[in-house]
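Numbering (the UniProt record's numbering), first residue to last: 1 to 168. Worksheet: one structure, shown below.
Here is the structure:
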């Protein structure tokens, strides 16, 4: 039965929000379906990306220089700020769309977006997880993007995937 048995009236809907048109549509459409109820708007920021390139060993050096690490920290902070603004935008849209008691969370994680959303749904006893998808991935992910596919296959709670309309 998964987490459904533990759901209470106050259980939040976990909404993965990356600021894309697909994510915005998922947020709005899910509010019409699930609102008004509490929501947690989550922007997952993949932490450590700047360190991957800034701390690569240079020829002849075994340890990265302090300057490289300082530069990586500055780059990480520059990446965090747009993610935080994206979360704030998602919270605003969620409130406008009809969710109540909306909380925003910008998560720096070394896990995949899907694994992070699943973890948060488990920790918060989430009603379900909502994401948007473009349907513009590889052939194997044509109908479902990699994040939404992982969620559908791994999450113990219900997953709502909202696909954007293609006018082509």
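Positions of the beta carbon are idealized from the N, C-alpha and C atoms, including for glycine.
Straight-line gap, residue i to residue j (C-alpha atoms, nearest Å)
i           : j           : result
residue 132 : residue 74  : 31 angstroms
residue 77  : residue 110 : 15 angstroms
residue 101 : residue 37  : 7 angstroms
residue 93  : residue 127 : 19 angstroms
residue 176 : residue 119 : What the structure shows of the chain is the stretch from 1 to 168, and residue 176 is not part of that stretch, so it cannot be assessed.
residue 150 : residue 79  : 25 angstroms
residue 154 : residue 81  : 30 angstroms
residue 45  : residue 114 : 12 angstroms
residue 161 : residue 35  : 16 angstroms
residue 21  : residue 91  : 15 angstroms
residue 157 : residue 83  : 26 angstroms
residue 159 : residue 152 : 6 angstroms
residue 56  : residue 105 : Reliability of the predicted coordinates at residue 56 is poor, the pLDDT of 46 falling under 50, and no value is obtained from them.
Nearest-angstrom Cβ-Cβ length linking residue i and residue j, presumed shorter than 8 angstroms
i          : j          : result
residue 19 : residue 89 : 6 angstroms
CB of residue i within 8 angstroms of CB of residue j, strictly
i           : j           : result
residue 134 : residue 164 : yes
residue 43  : residue 86  : yes
residue 12  : residue 124 : yes
residue 14  : residue 33  : no
residue 107 : residue 116 : yes
Worksheet item: Which ranges would you report for the beta strand (DSSP E) in the stretch 67-139 if only whole runs of at least 3 residues count?
Response: Annotation note: the stretch 67-139 contains the following uninterrupted beta strand (DSSP E) runs of length 3 or greater, listed N- to C-terminal: 100-109 and 128-133.
Fill in: Inter-stretch contact at 8 angstroms, needing at least 3 Cβ pairs: the stretch 28-41 / the stretch 90-97
By the Cβ test, the stretch 28-41 is in contact with the stretch 90-97, since at least three Cβ pairs between them sit closer than 8 angstroms.
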